[in-house]
Amino acid sequence: MSEVKPEEISHPAMEQLQGFEYCIDSNPPWGEAIILGFQHYILALGTAVMIPTVLVPMMGGSDGDRVRVVQTLLFVTGINTLLQSLFGTRLPTVIGGSYAFVIPIMAIVQDSSLTAITDNHERFLQSMRAIQGALIVSSSIQIILGYSQLWGIFSRFFSPVGMAPVVALLGFGLFERGFPVVGRCVEVGLPMLILFVVLSQYLKNVQIKDIPVLERFSLFICIALVWAYAQILTSGGAYKHSSEITQINCRTDRANLISSAPWIKIPYPLQWGAPTFSAGQSFGMVSAVLVSLIESTASYNAAARLASATPPPAHILSRGIGWQGIGILLSGLFGTGTGSTVSVENVGLLGSTRIGSRRVIQISAGFMIFFSMLGKFGALFASIPFTIFAAVYCVLFGLVAAVGLSFLQFTNMNSMRNLFIVGVSIFLGLSVPEYFFRYSMAAQRGPAHTKAGWFNDYINTIFSSPPTVGLMVAVFLDNTLEVKDAARDRGMPAWVPFRSFKGDSRNEEFYSLPFNLNRFFPPS
Numbered sequence: 315m316s317e318v319k320p321e322e323i324s325h326p327a328m329e330q331l332q333g334f335e336y337c338i339d340s341n342p343p344w345g346e347a348i349i350l351g352f353q354h355y356i357l358a359l360g361t362a363v364m365i366p367t368v369l370v371p372m373m374g375g376s377d378g379d380r381v382r383v384v385q386t387l388l389f390v391t392g393i394n395t396l397l398q399s400l401f402g403t404r405l406p407t408v409i410g411g412s413y414a415f416v417i418p419i420m421a422i423v424q425d426s427s428l429t430a431i432t433d434n435h436e437r438f439l440q441s442m443r444a445i446q447g448a449l450i451v452s453s454s455i456q457i458i459l460g461y462s463q464l465w466g467i468f469s470r471f472f473s474p475v476g477m478a479p480v481v482a483l484l485g486f487g488l489f490e491r492g493f494p495v496v497g498r499c500v501e502v503g504l505p506m507l508i509l510f511v512v513l514s515q516y517l518k519n520v521q522i523k524d525i526p527v528l529e530r531f532s533l534f535i536c537i538a539l540v541w542a543y544a545q546i547l548t549s550g551g552a553y554k555h556s557s558e559i560t561q562i563n564c565r566t567d568r569a570n571l572i573s574s575a576p577w578i579k580i581p582y583p584l585q586w587g588a589p590t591f592s593a594g595q596s597f598g599m600v601s602a603v604l605v606s607l608i609e610s611t612a613s614y615n616a617a618a619r620l621a622s623a624t625p626p627p628a629h630i631l632s633r634g635i636g637w638q639g640i641g642i643l644l645s646g647l648f649g650t651g652t653g654s655t656v657s658v659e660n661v662g663l664l665g666s667t668r669i670g671s672r673r674v675i676q677i678s679a680g681f682m683i684f685f686s687m688l689g690k691f692g693a694l695f696a697s698i699p700f701t702i703f704a705a706v707y708c709v710l711f712g713l714v715a716a717v718g719l720s721f722l723q724f725t726n727m728n729s730m731r732n733l734f735i736v737g738v739s740i741f742l743g744l745s746v747p748e749y750f751f752r753y754s755m756a757a758q759r760g761p762a763h764t765k766a767g768w769f770n771d772y773i774n775t776i777f778s779s780p781p782t783v784g785l786m787v788a789v790f791l792d793n794t795l796e797v798k799d800a801a802r803d804r805g806m807p808a809w810v811p812f813r814s815f816k817g818d819s820r821n822e823e824f825y826s827l828p829f830n831l832n833r834f835f836p837p838s
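With our numbering applied, the sequence shown corresponds to residues 315 to 838, in that order.
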């Protein structure tokens with residue numbers, strides 16, 4: 315047997331992920347781009363529908379109120395996505411609703427001054443106004459950290475060995491939204507999961523007119539087929555004698571969105587009335603803003619890799635966080651019922667389709683704005699059973715997690731120091747939030763339960779986020795444990811050219827502002 319060469323054993327580290335047909339600044343033909351953009355719009359519906367479905371009934375809102383919140387959330391998602399892709403990081407990311415805000419929002423909804431209101435609609439309006447006020451005040455944190463470049467300065471402490479667990483936990487930490495939800499209606503969710511894997515991976519080389527249609531459009535095809543299959547089961551009476559929870563998860567006619575939606579309704583600022591402000595509620599909401607900040611930073615690093623771009627420089631990260639703060643401000647002004655963050659599932663779809671084009675995401679933002687105003691049509695797509703989305707999440711969240719692990723290629727994984735940091739941060743990033751989740755489910759409150767409500771929100775929100783726990787552990791250990799002479803092992807030399815905007819010529823190609831705006835806002 316011939317001697318094995320070293321280059322046959324290892325693979326060279328690459329700053330840009332290879333094998334993409336269209337990267338961040340290249341565009342597919344308009345026909346393909348429109349269908350790809352529609353796929354991203356459909357995928358974003360899962361979160362846009364689920365968050366209001368959980369929160370609005372707790373606030374006393376009706377089905378009509380829930381539809382308006384869904385429409386508003388989609389409308390603001392479209393606006394924020396356009397702003398971020400044009401003037402923020404310029405990465406192909408969807409800026410949608412965030413689950414990180416659920417804990418402080420629930421604390422607001424359960425406030426005694428609001429629960430004492432007997433009229434449900436009035437309680438909904440007052441709750442929404444209180445949430446709006448807290449979002450407006452807390453958005454200033456990201457705006458300040460972003461535009462002052464403070465977050466960019468802090469990001470210089472991030473190395474590949476520190477960020478790998480954080481990005482990995484971005485996907486792994488969402489496992490509760492994957493198969494546990496598929497299992498609620500396995501006869502719909504499991505076929506969706508299997509079909510999506512088969513079409514997007516095993517049959518990805520099937521081409522029509524030199525276009526790999528099953529790889530690029532597998533999400534659209536699978537959702538259409540399984541949605542039709544679920545409709546047949548519903549119409550055929552398969553769930554006629556099933557339990558209420560099974561019917562909610564399986565039937566296609568239980569969302570009550572289409573019947574409650576107006577034909578045309580354009581969301582506008584302060585549509586629920588003037589926001590109300592409370593110092594305690596605003597302080598509590600700051601915790602969710604910080605979690606959103608960390609999760610989005612991890613998402614931007616993952617999106618850059620899945621768009622075949624270089625790691626975003628510190629200045630670009632700060633710019634993106636500043637615009638995301640403006641996005642949370644818009645969420646507060648319009649009344650979306652939650653704050654905003656980068657949609658992890660849409661980041662994963664970039665890798666599944668191998669299309670990282672910025673234009674595709676901008677087209678999807680157009681769909682979000684358009685269908686949010688045409689209520690009946692938007693509600694039709696929003697009535698897709700959430701089990702179908704959960705099946706897709708099993709693949710896309712896993713893909714994002716794998717992107718995080720791919721950062722380890724720049725590090726020395728024969729170093730016990732690095733093995734310790736990666737292992738401990740991933741384990742604690744999963745274990746600590748799971749403890750907070752189980753405690754909350756059993757006790758109907760978080761582990762932090764003092765008389766200071768804002769402090770409870772801080773602890774319960776921050777330690778319920780896997781990427782946030784992972785970042786605190788990984789970055790602390792990486793910058794305090796045997797740091798001397800460990801720069802090469804940490805992978806720092808690989809990221810040094812991308813610390814500053816002018817450190818690598820590709821940075822200008824990927825991250826420059828449009829319309830020659832860099833003349834007025836020169837990057838550092």
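The beta-carbon is built from N, C-alpha and C at its ideal position, and this holds for glycine as well. Quick caveat: nothing in here was measured; it's all calculated off a predicted structure.
In this chain, residue 481 is not harboured by any beta strand (DSSP E); it is covered by the alpha helix (DSSP H) spanning 474 to 486. Taking residue 720 as reference, the option from 454, 649, 620, 642 with the minimal CA-CA separation is 620. Residue 647 is a Cβ neighbour of residue 450, given a cutoff of 8 Å. Residue 631 sits close to residue 465, with the two beta carbons spaced by under 8 Å.
In this structure, DSSP gives residue 655 an extended state, which the three-state scheme calls strand. By the Cβ rule, the segment 532 to 545 counts as touching the segment 498 to 512, because three or more pairs are nearer than 8 Å. Cα atoms of residue 716 and residue 427: separation of roughly 46 Å, rounded to the nearest angstrom. The segment 330 to 401 contains, as complete alpha helix (DSSP H) runs of 4+ residues, the segments 344 to 372, 377 to 401 (chain order). CA-to-CA, the gap between residue 650 and residue 781 works out to about 24 Å. Following the DSSP letters along the chain, one finds residue 409 inside the beta strand (DSSP E) bounded by residues 409 to 411. Judged by pairs of C-beta atoms under 8 Å, the segment 814 to 821 does not touch the segment 513 to 530, as fewer than three such pairs exist. Taking 8 Å as the cut-off, the beta carbon of residue 424 is found no closer than this to the beta carbon of residue 431. Assigned with DSSP and collapsed to three states, residue 431 falls in coil, not helix or strand. Take residue 554, set aside five residues on each side of it, and no residue of its chain has a beta-carbon closer than 8 Å to its own. In this structure, the alpha-carbon of residue 387 lies about 13 Å from that of residue 369. When DSSP reads this structure, residue 522 sits in a beta bridge with 525.
With contacts defined as CB atoms closer than 8 Å, residue 572 and residue 687 fail to qualify as a contacting pair. The C-alpha of residue 657 lies about 15 Å from the C-alpha of residue 708. Membership of residue 796 in any alpha helix (DSSP H) is not indicated, and neither H nor E is assigned to it by DSSP. Taking C-alpha positions only, residue 325 is separated from residue 728 by approximately 15 Å. For residue 631, the enclosing alpha helix (DSSP H) stretches over residues 628 to 648. The secondary-structure analysis by DSSP pairs residue 669 across a beta bridge with 336. Rounded to whole angstroms, the separation of the alpha carbons of residue 418 and residue 469 is 26 Å. Going by C-alpha positions, residue 748 is about 24 Å away from residue 661. If you draw a straight line from the Cα of residue 422 to the Cα of residue 602, it comes to about 13 Å. Cβ neighbours of residue 778 within its own chain (closer than 7 Å, five residues either side excluded): 417, 747, 750, 751. In this chain, residue 517 is not harboured by any alpha helix (DSSP H), its DSSP state being neither H nor E. For residue 362, the closest alpha carbon among the candidates 379, 384, 655 is that of 384. Note on geometry: alpha-carbon atoms of residue 382 and residue 453 lie some 23 Å from one another.
Boundaries of the alpha helix (DSSP H) harbouring residue 730: 730 to 757, taken from the DSSP string. Check the Cα spacing between residue 535 and each of 349, 394, 448: the tightest is with 349. Residue 805 places its beta carbon less than 8 Å from that of residue 475. A contact is defined here as three or more CB-CB pairs under 8 Å, and the segment 730 to 746 fails this definition with respect to the segment 760 to 771.
Assigned with DSSP and collapsed to three states, residue 827 falls in coil, not helix or strand.
Beyond the five residues adjoining it in sequence on each side, residue 392 comes within less than 6 Å, by CB distance, of 679, 682, 683 in the same chain, given in chain order.
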